Every structure is written in structure tokens, then in C-alpha cells.
Amino acid sequence: MFVHLVVHYPKPEHHDDVLASMHRVDAAAQGAAGLIRIGAWRDAKSDRLIGLAMWESQEAFEAAAPGIFAVVADDPLTDWWTKPPDSMHLHPA
Numbered sequence: 001m002f003v004h005l006v007v008h009y010p011k012p013e014h015h016d017d018v019l020a021s022m023h024r025v026d027a028a029a030q031g032a033a034g035l036i037r038i039g040a041w042r043d044a045k046s047d048r049l050i051g052l053a054m055w056e057s058q059e060a061f062e063a064a065a066p067g068i069f070a071v072v073a074d075d076p077l078t079d080w081w082t083k084p085p086d087s088m089h090l091h092p093a
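Note that UniProt numbering numbers the sequence shown so that position 72 is 72, with each residue one more than the last.
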């Protein structure tokens, strides 16, 4: 099992833009080999948005990632964030 977790810090005026970008990533990932689950989440205690993707393996994620993230390559994410996202690659402990 492998988890890709990303914490986004959107500017208030771009919250919906970042969320729409995340949903495009979710849609592009559908049907990817090794994908177990993917989705966007809102933190109930802040304005943060969380991207969570569970994969059968890190290799499956790495094989699929270039095609998946290509759909948002032209999104001006750096203009939409208050700071760059925290990105984590998680394995069971």
C-alpha cells in the first residue's frame, strides 16, 4: 500500500479554483492501474484542502502520475496558493 497525501493552502479567493484543479486530477486518475481510491477533502478546522490517493504500490503511482498531473500543468497554482503544498509519500509503519 502507498498513499500520496497533499495539503494545499489556497488563497481564500482561489479556494474553488484549487478544488476544481484537484477534481480534474481525480477525474484523470480514474481507471489508472493500481489506484485504490482518490479524492479531495476539506479540513474542517482550516481553509486547507487535502488530496488523498491510495495506491497498490509506489511504483503504480509513479507510473501513472505524469499522465494524471498533466491535466493541471497549465493551472496557475502558485498564484492560487498562500504557500506551496505539503506533499507526502506514505508507507505503512
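In this text, a Cβ means the ideal position worked out from N, Cα and C, and glycines have one as well.
Quick caveat: nothing in here was measured; it's all calculated off a predicted structure.
Mapping DSSP to helix, strand and coil, what is residue i?
i, result
"His91", "coil"
"Pro10", "strand"
"residue 109", "Missing from the structure shown is residue 109; the chain here goes from 1 to 93 and no further."
"Asp47", "coil"
"Ala33", "coil"
Which residues bound the beta strand (DSSP E) around residue i?
i, result
"His1", "A small fix is needed here, since residue 1 is Met in this sequence, not His. Looking at the DSSP string, Met1 is not in any beta strand (DSSP E), and its letter there is neither H nor E."
Would you grab the beta carbon distance between residue i and residue j for me? Rounded to a whole angstrom, and I think it's under 8 angstroms.
i, j, result
"Trp80", "Val18", "5 angstroms"
"Phe2", "Ser57", "6 angstroms"
"Ala33", "Ala60", "6 angstroms"
Over the uninterrupted alpha helix (DSSP H) stretch that includes residue i, give me the two end residues.
i, result
"Ala70", "Run containing Ala70: none; DSSP gives neither H nor E here."
In the DSSP assignment, what residue or residues form a beta bridge with residue i?
i, result
"His40", "For the sequence presented, residue 40 should be read as Ala rather than His. Gly51, per the DSSP bridge assignment."
"Asp86", "Val7"
### Task
Determine, using beta-carbon pairs with one atom in the region 64–78 and one in the region 39–52, whether at least three such pairs fall under 8 angstroms.
As far as the Cβ criterion goes, the region 64–78 does not touch the region 39–52, which means the pair count is below three.
### Query
Taking three-plus beta-carbon pairs below 8 angstroms as touching, is the region 2–11 in contact with the region 48–68?
yes
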